[in-house]
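Letter 338 of the sequence shown, counting from 1, is numbered 321 in our numbering, and no numbers are missing.
Where is the CB? At the ideal position from N, CA and C, for every residue including glycine.
One structure is given here, and the rest of the page talks about it.
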Amino acid sequence: MSLILGAPFDRPRAVWRGLSRKVGQLLPQGLYARAALIVILPMIVLQCVLTYVFMERHWQLVTTRLSTALTQDVAALIELHKAFPGADAKLSQIAQDRLRIEAEFLPPGPLPPALPKPFFNIVDAALSNEIRKQISRPFWLDTVGRSNLIEIRIQLDDAILRVLAYRSAAYASNSYIFLLWMVGTSFVLIVAASFVLRNQIKPILALAGAAEEFGKGRDPDFRPRGAREVRRAGFAFIEMKRRIERAIEQRTTMLSGVSHDLRTVLTRFKLSLALMPESEETADLQKDVAEMQRMLEAYLAFARGAAGERAVRVDMIEFLEELRFDAEREGHDVAIAYSGDPVATLRPDAFKRLLSNLIGNAQNYAKTVAVEAVRDKRFLYIHVDDDGPGVPPELREEVFRPFYRIDEARNQDVGGTGLGLAIALDIARSHGGDIQLSDSPLGGLRATVRVPV
């Protein structure tokens, strides 16, 4: 029953979600831009509403009253012209001295053709309405021809009254001061709000940068600051960082302690086997002990690399040349190539162990090994290629599991702990990166290390 009742609301909800997504795509993505929009947009809307109210009410009301007063003066001149037919010159003088308008009585005749209405016709509409209401005679009006003057012509029985008045007599000409003050104060407020917002956004960006640096395996220098909520998030991040570091330290300490204890036991096994006469059984036991020894060395190497090493700026060309020299000392040739900015921020010992594991793994099963490193603005890519048997695509995720080996595709006579790729992946992820396996141009396997720089 609930499904039936909810069905009619599914379509409106889907439409609302789609509309919300579209609006979200149109909005700015940055926090600073969105916060600025939250402050600026209501201010703009408020200014538009105030402008409309001012234009529609105050400005129009003042203009209408001024137009009414001007029309009353013109109507008074018409009445005096009717009452004193021979006093037109005296009326013109009185209009100029007392009413501040120029009045002239022209010979009778037709009025000029009507002019097109101006786009901004508050004065024209108000003055025309008042002339129709108070005088009720044919008239001609020009509010556009001269910027600071208004010309009115009214057809009388025996003449045409031509009046020139200042625009300020019928129009609230000082209203632009209000608009200038409004725009100026809005600009000052927007600048001040932008400055305050930028200072409020900086602690959030610092927190995001610290989290990113910590995700890359680096130790950020971060101190919470800003608003109370931002500081609270910053202290929560620091506490989370300490917990993660304690967990890693506990894991490393436990791994190191267990490996050390087992190493002591293996040393006893070695001494016992050395005192026993040689036989097939003792030879097999010696192989098992040697394999366990390699595992424990891998454990201890990983524990040493994960404990307390700080990220530093490394010249990758010298770094790769050192790896190539180490491979040559072991009797292997490795081709090295590098492009891009040679400086990257890494934990050198751990990263060297990562590449050594990948290169050593390739050398165990291939004749040709090549290392190519490329750095762009965001990431450092290192490709380790070989011409060995490769790894089937469906098993390329499985090989990163500890102690996993592909005996069908690898030489069973080659010793290994099954921890090389697992340790390499763990080191790459501790740098905020990853390792991916793919087909190599040399015909074997390509291991691609990607870490942020």
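Buried/exposed call for residue i, threshold 16 Cβ in 10 Å
{"i": "D271", "result": "exposed"}
{"i": "V106", "result": "buried"}
{"i": "L190", "result": "buried"}
{"i": "H41", "result": "exposed"}
{"i": "V171", "result": "exposed"}
{"i": "Y35", "result": "exposed"}
{"i": "T126", "result": "buried"}
{"i": "K199", "result": "buried"}
{"i": "F432", "result": "According to the sequence provided, residue 432 is Val. The question's Phe does not apply to it. Per the 10 Å Cβ criterion, buried."}
{"i": "Y387", "result": "exposed"}
{"i": "Q419", "result": "exposed"}
{"i": "G192", "result": "exposed"}
{"i": "A78", "result": "buried"}
{"i": "V436", "result": "buried"}
{"i": "V(-2)", "result": "exposed"}
{"i": "N394", "result": "Interpretation of N394 is limited by its pLDDT of 45, a score under 50 that renders its predicted location unreliable; no figure is taken from the coordinates."}
{"i": "A210", "result": "exposed"}
{"i": "A450", "result": "With the chain running from -16 to 436 in the structure shown, residue 450 is simply not present."}
{"i": "S3", "result": "exposed"}
{"i": "S242", "result": "buried"}
Alpha-carbon to alpha-carbon, residue j and residue i
{"i": "I(-13)", "j": "P25", "result": "Low confidence applies to I(-13): its pLDDT is 47, below 50, so where it sits in the model is not reliable enough to give any reading."}
{"i": "R129", "j": "A148", "result": "11 Å"}
{"i": "F308", "j": "L337", "result": "16 Å"}
{"i": "L268", "j": "L245", "result": "16 Å"}
{"i": "P91", "j": "W164", "result": "48 Å"}
{"i": "L60", "j": "L44", "result": "25 Å"}
{"i": "Q138", "j": "F122", "result": "6 Å"}
{"i": "D56", "j": "V32", "result": "35 Å"}
{"i": "R83", "j": "K116", "result": "23 Å"}
{"i": "L49", "j": "A58", "result": "14 Å"}
{"i": "A392", "j": "Q183", "result": "A caution first: A392 carries a pLDDT of 42, below 50, which makes its placement in the model too unreliable to give a value."}
{"i": "T235", "j": "R229", "result": "10 Å"}
{"i": "R206", "j": "V179", "result": "20 Å"}
{"i": "P203", "j": "G240", "result": "29 Å"}
{"i": "F161", "j": "V146", "result": "30 Å"}
{"i": "A266", "j": "R312", "result": "29 Å"}
{"i": "R226", "j": "A411", "result": "21 Å"}
{"i": "V374", "j": "L428", "result": "7 Å"}
{"i": "G372", "j": "L188", "result": "Residue identity differs from the one stated: residue 372 is Pro in this sequence, not Gly. Using only the alpha carbons, I get a separation of about 47 Å."}
{"i": "D396", "j": "T351", "result": "Because D396 sits at a pLDDT of 46, beneath the cut-off of 50, its placement in the model cannot be relied upon, and the following sentence gives the value as read from the coordinates. D396 and T351: Cα-Cα distance of roughly 19 Å."}
{"i": "S75", "j": "I114", "result": "19 Å"}
{"i": "I231", "j": "L303", "result": "28 Å"}
{"i": "L196", "j": "A273", "result": "The displayed chain sequence assigns Glu, not Leu, to residue 196. The alpha-carbon atoms of E196 and A273 are separated by roughly 40 Å."}
{"i": "E381", "j": "E280", "result": "23 Å"}
{"i": "P(-5)", "j": "K5", "result": "15 Å"}
Test item: CB-CB of residue i and residue j under 8 Å
{"i": "A86", "j": "L144", "result": "yes"}
{"i": "R208", "j": "P186", "result": "yes"}
{"i": "P385", "j": "A405", "result": "yes"}
{"i": "R120", "j": "I133", "result": "no"}
{"i": "V295", "j": "P331", "result": "yes"}
{"i": "V434", "j": "G403", "result": "no"}
{"i": "A175", "j": "L53", "result": "no"}
{"i": "I173", "j": "I21", "result": "no"}
Top-ranked residue by Cα proximity to residue i, from the options
{"i": "L89", "options": "R136, L82, S50 and L98", "result": "R136"}
{"i": "M223", "options": "L124, G373, A194 and R379", "result": "A194"}
{"i": "E301", "options": "I319, E311 and R312", "result": "I319"}
{"i": "L238", "options": "M278, T351 and A273", "result": "M278"}
{"i": "R181", "options": "L404, L14, T351 and R429", "result": "L14"}
{"i": "P101", "options": "L124, D80 and L94", "result": "L124"}
{"i": "F383", "options": "L2, G373, A407 and F37", "result": "A407"}
{"i": "A353", "options": "H315, V374, A52 and I118", "result": "H315"}
{"i": "K335", "options": "N347, A310 and Y348", "result": "A310"}
{"i": "S413", "options": "R293, S3 and P95", "result": "R293"}
{"i": "T328", "options": "L249, D298, Q346 and W(-1)", "result": "D298"}
{"i": "S177", "options": "I118, A18 and N112", "result": "A18"}
{"i": "S423", "options": "A411, D409 and E355", "result": "E355"}
{"i": "D140", "options": "I227, H64 and T351", "result": "H64"}
{"i": "T51", "options": "Q79, K5, F37 and L110", "result": "L110"}
{"i": "L94", "options": "Q233, A142, E263 and I410", "result": "A142"}
{"i": "D409", "options": "V166, A333 and I77", "result": "A333"}
{"i": "T247", "options": "M275, Q233 and S262", "result": "M275"}
{"i": "Q346", "options": "D80, L378 and L306", "result": "L306"}
{"i": "R379", "options": "A349, P99 and S421", "result": "S421"}
{"i": "V28", "options": "V166, A153, F67 and Y154", "result": "V166"}
{"i": "G426", "options": "A349, E381, L363 and D417", "result": "A349"}
{"i": "T46", "options": "F197, A108 and A430", "result": "A108"}
Inset, instruction - Decide yes or no for the touch test of the segment 352 to 359 against the segment 318 to 329: beta carbon pairs closer than 8 Å, at least 3 of them. - result: yes
Inset, instruction - Flag this pair as touching only if the segment 363 to 370 and the segment 340 to 350 have three or more C-beta atom pairs under 8 Å; answer yes or no. - result: yes
Inset, instruction - Report yes or no: do the segment 209 to 229 and the segment 246 to 263 share at least 3 C-beta pairs separated by less than 8 Å? - result: no
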